[in-house]
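Asker: Protein chains in written order, with our numbering: chain H, 1 to 203; chain Y, 204 to 406.
Here a beta-carbon is modelled for each residue, glycine too, at the ideal position from N, C-alpha and C.
On a predicted model such as this, the values are computed, not experimentally measured, just so you know.
Take a look at this one; I'll ask things after.
Number of protein chains: 2
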Amino acid sequence: MSDSDSSTAPEAHEDIMGATYRALLDHGFAALTMQDIADEAEKSKSLLHYHYDTKQDLLVAFLEHLIERGKERAAEHEDEPPAERLRNFVAGGLVDSDDEDWAFATALLELQAQAPYDDAYREQLARNEQFMRDHVADIVRAGVDAGDFRDVDPDATARLVLAAMDGARTERVVLEDDTPEVVHDALVEHVLDPLTVDAEGDE
Amino acid sequence: MSDSDSSTAPEAHEDIMGATYRALLDHGFAALTMQDIADEAEKSKSLLHYHYDTKQDLLVAFLEHLIERGKERAAEHEDEPPAERLRNFVAGGLVDSDDEDWAFATALLELQAQAPYDDAYREQLARNEQFMRDHVADIVRAGVDAGDFRDVDPDATARLVLAAMDGARTERVVLEDDTPEVVHDALVEHVLDPLTVDAEGDE
């Protein structure tokens, strides 16, 4: 098997990642086949297998690709003040999602549920989660360092924010209800506002 | 098919629910068969099918049974002060879980991931979630009414606490890491402590 980072031409890699995303939207994760992805990419299944031995290899590469996209999005906002970045990040995950985002989240939940039975998924999902934790902790740390936030533990605060967002997103996928909006507002009131409100009084 | 509540003898119902729980621990959800549950119950598969037409019917009844168990547990603690009940509830879901609880959570995550494709699971999971939301909101409301907590919105606060707990539990199942402990401490620091600490000053 070829490693996607070293031997797949960048354009082919981008094409296949885009096709994987669309195939996950259309078919979900459990029912997804290499043929579905080949159809979306308008490539032959054998070409797909030239790059990736198995569906698992391809999906691990796809999860890795999501980190790269996350890094690009993070870089676009790095000049914003920490309080604004954190609020935008929370809103982005909870109230700015559209139907396509939720369809993708549905497929990702299926993949997550498979991770306890599949070390390759588990290990890559752990790398993705570590990227998110570092990203949010960096924002909180920047806010603390700038004196905008109270002197909280950046890592623990990031993990609370992410857990609440993850839980709300999962509830939305499973129950199709208004949890993201409700949890967004409660997270702002109970966690984000108090990070800044008491900054001068508490320090 | 017989309705479990009206025509299954209570002992048989309890036996089958216990067998379903053990079969989920051993096999997970996706791989679970009626035969696995019959084996655990030491009953014939045809007897199981007499009570429940399908695996789906049985698992919906099992989810309903979890609400009954939740009610029993809630009743045991209803004389405790609200602040203590809330802390115990959060600790119960995050730091008091053992290996068996996490194996069960792994099977439940698989079932949750199936809900977007299965209305019967989705509707029953919504009833289970509503029970939990009402339960936690009742505790917060009791704390507000008693003057122990600040004047927060009980429902929104409950949903934030549950989302953070659900997210942390899912991360634990998927990644097998220390998220429940970290999120427990951060939830106490950022959400639970401030519910009480400022009660006198703020009201």
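What residue range is occupied by the uninterrupted alpha helix (DSSP H) comprising Ala359 of chain Y?
Answerer: Segment Pro357 to Leu378, the alpha helix (DSSP H) holding Ala359 of chain Y.
Asker: Taking only beta-carbon atoms, is Gly296 of chain Y less than 8 Å away from chain H?
Answerer: No, Gly296 of chain Y does not count as interfacial toward chain H.
Asker: So, does the stretch 168-182 of chain H touch the stretch 308-324 of chain Y, judging by three or more C-beta pairs under 8 Å?
Answerer: Yes, the stretch 168-182 of chain H is in contact with the stretch 308-324 of chain Y.
Asker: Residues of chain H with a CB under 9 Å from the CB of Ala286 of chain Y: which are they?
Answerer: Per Cβ cutoff of 9 Å: no residues; Ala286 of chain Y is ~16 Å from chain H at best.
Asker: Output yes if chain H places a C-beta closer than 8 Å to the C-beta of Met368 of chain Y; else output no.
Answerer: Judged by the 8 Å Cβ criterion, Met368 of chain Y is in contact with chain H.
Asker: Does Val183 of chain H get closer than 8 Å to chain Y when you measure Cβ to Cβ?
Answerer: Chain Y contact via Cβ: present.
Asker: Is it buried or exposed, His184 of chain H, if we count other Cβ atoms within 10 angstroms and call 16 or more buried?
Answerer: Buried is the call here.
Asker: Quick check on the burial criterion: 16 or more other C-beta atoms within 10 angstroms. Buried or exposed for Pro10 of chain H?
Answerer: Classification of Pro10 of chain H: exposed, given that the 10 Å Cβ count is below 16.
Asker: Going straight from the alpha carbon of Ala226 of chain Y to that of Pro194 of chain H, what length do you get?
Answerer: Rounded to the nearest angstrom, the two C-alpha atoms are 45 Å apart.
Asker: Check the C-beta distance from Val393 of chain Y over to Val191 of chain H and give it rounded, since I have them as a contact under 8 Å.
Answerer: With the sequence shown as reference, residue 393 of chain Y is identified as His, and Val is not the correct amino acid for it. 5 Å between Cβ atoms; contact.
Asker: Determine, for Gly404 of chain Y, whether the minimum Cβ-Cβ distance to residues of chain H falls below 8 Å.
Answerer: The pLDDT assigned to Gly404 of chain Y is 46, lower than 50, so where the model puts this residue is not dependable, and the model offers no usable value.
Asker: In or out: Pro154 of chain H buried (at least 16 other Cβ within 10 Å) or exposed?
Answerer: Per the 10 Å Cβ criterion, buried.
Asker: With 16 as the cutoff for other CB atoms within 10 Å, does Thr309 of chain Y come out buried or exposed?
Answerer: Under this definition Thr309 of chain Y is a buried residue.
Asker: Would you report the Cα separation of Asp98 of chain H and Ser249 of chain Y, rounded to the nearest angstrom?
Answerer: If I take the Cα positions, the gap works out to 46 Å.
Asker: 8 Å is my cut-off, CB to CB: does Thr157 of chain H come that close to chain Y?
Answerer: It does: the Cβ of Thr157 of chain H has a partner Cβ on chain Y nearer than 8 Å.
Asker: What's the call for Pro284 of chain Y, buried or exposed, on a 16-neighbour Cβ count within 10 Å?
Answerer: The residue is exposed, with fewer than 16 neighbouring Cβ atoms inside 10 Å.
Asker: Taking only beta-carbon positions, decide if Glu374 of chain Y is within less than 8 Å of chain H.
Answerer: It does; some Cβ of chain H falls within 8 Å.
Asker: What three-state label does DSSP hand Ser44 of chain H in the structure shown?
Answerer: Ser44 of chain H: coil per DSSP, three-state reduction.
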